[in-house]
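Structure first, then comments.
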Amino acid sequence: MLNGFHNHEFEAKLGGHLLAVRLKEEEKRRVVDMRKSLALPRDILTDLKEKNKESVTNIKQVYNAWTRWRKSLRGDKMEMQYLIKKLEDHKYVYFKRTNDEETTLEDICLAHLESINMLNTFPTVLVMDSTY
Numbered sequence: 001m002l003n004g005f006h007n008h009e010f011e012a013k014l015g016g017h018l019l020a021v022r023l024k025e026e027e028k029r030r031v032v033d034m035r036k037s038l039a040l041p042r043d044i045l046t047d048l049k050e051k052n053k054e055s056v057t058n059i060k061q062v063y064n065a066w067t068r069w070r071k072s073l074r075g076d077k078m079e080m081q082y083l084i085k086k087l088e089d090h091k092y093v094y095f096k097r098t099n100d101e102e103t104t105l106e107d108i109c110l111a112h113l114e115s116i117n118m119l120n121t122f123p124t125v126l127v128m129d130s131t132y
């Protein structure tokens with residue numbers, strides 16, 4: 001500002017301003033519902049912009065809304081604590097190995113109970129996926 005006046009033209013769109021790109025509560029619910037239905041973030045953004053032609057929301061806001069929702073599910077648990085809880089909830093058998101101080105997870109091996117039963121029924125067939 002010079003002499004109490006702006007020395008430039010006002011922006012036609014507020015694309016980079018935090019308040020302008022923020023998602024409304026209704027839009028946040030829409031993001032979560034669409035992601036639960038396995039919609040891609042770019043498709044969610046397109047849908048939001050079609051519903052509100054003046055929206056200047058960007059893809060980062062879609063990712064942020066989804067991440068905040070997932071973190072709200074986890075509560076105050078850390079990622080590994082949440083993983084262990086989910087394994088137990090869904091009846092997975094798992095073995096884990098930690099370091100000597102039990103602060104770091106070294107290995108984890110997991111299998112669903114039905115997979116173990118199938119292996120016992122058909123022991124000659126074994127498919128193993130090692131992802132690291």
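The UniProt record's numbering puts the first residue of the sequence shown at 1, with every later residue one more than the last. Heads up, the beta-carbon is just placed ideally off N, CA and C, and yes, glycines get one too. Predicted model only: the values in this text are computed from it and were never measured.
In whole angstroms, give me the CA-to-CA distance for VAL21 and LEU110.
Locating residue 21 in the sequence shown gives position 21, counting from the first residue. Locating residue 110 in the sequence shown gives position 110, counting from the first residue. In a straight line, the C-alpha of VAL21 is about 42 Å away from that of LEU110.
What would DSSP say about ALA65, mapped onto helix, strand or coil?
Taking the sequence shown and counting its residues from 1, one reaches residue 65 at position 65. Residue state for ALA65 is assigned as helix, using DSSP reduced to three classes.
Other residues of its chain near LEU45: CB distance less than 6 Å, five sequence neighbours each side excluded
Stepping through the sequence shown from its first residue, residue 45 is reached at position 45. Cβ neighbours of LEU45 within its own chain (closer than 6 Å, five residues either side excluded): ILE59 and VAL62.
Is the segment 78 to 94 close to the segment 47 to 57, with three or more CB pairs under 8 Å?
no
Sort THR103, ARG97 and TYR92 by Cα distance to MET78 and report the nearest one.
Sequence index remark: in the sequence shown, residue 78 carries index 78 (1-based). Looking at THR103, ARG97 and TYR92, the one whose alpha-carbon comes closest to that of MET78 is THR103.
Less than 8 Å between C-beta atoms, sequence neighbours within five positions excluded: which residues of the same chain meet that for LYS91?
Translated into the one-based positions of the sequence shown, residue 91 becomes position 91. Excluding residues within five positions, the ones whose Cβ falls inside 8 Å are HIS112 and LEU113.
Residues bridged to VAL31 [DSSP beta-bridge criterion]
Sequence index remark: in the sequence shown, residue 31 carries index 31 (1-based). None, per the DSSP bridge assignment.
Going by DSSP, what residues sit across from residue 175 in a beta bridge?
Any property of residue 175 remains undetermined from this structure, which presents the chain solely from 1 to 132.
If we count the other Cβ atoms within 10 Å of its Cβ and call it buried at 16 or more, is THR57 buried or exposed?
Reading the sequence shown from its first residue, position 57 is the one you call residue 57. Classification of THR57: buried, given that the 10 Å Cβ count is 16 or more.
Backbone CA spacing between ASN64 and THR121 [nearest angstrom]
Taking the first residue of the sequence shown as position 1, residue 64 is located at position 64. Taking the first residue of the sequence shown as position 1, residue 121 is located at position 121. Straight-line Cα distance between these residues: approximately 45 Å.
Beta-carbon proximity check, ASP47 vs ARG30, cutoff 9 Å
In the sequence shown, residue 47 corresponds to position 47, counting from 1. In the sequence shown, residue 30 corresponds to position 30, counting from 1. Inclusion of ASP47 and ARG30 in the CB contact set at 9 Å is warranted, their separation being smaller than that value.
Among the residues of its own chain, which have a CB less than 7 Å from the CB of TRP69, if the five just before and after it don't count?
Indexing the sequence shown from 1 puts residue 69 at position 69. The answer, listed in chain order, is VAL32.
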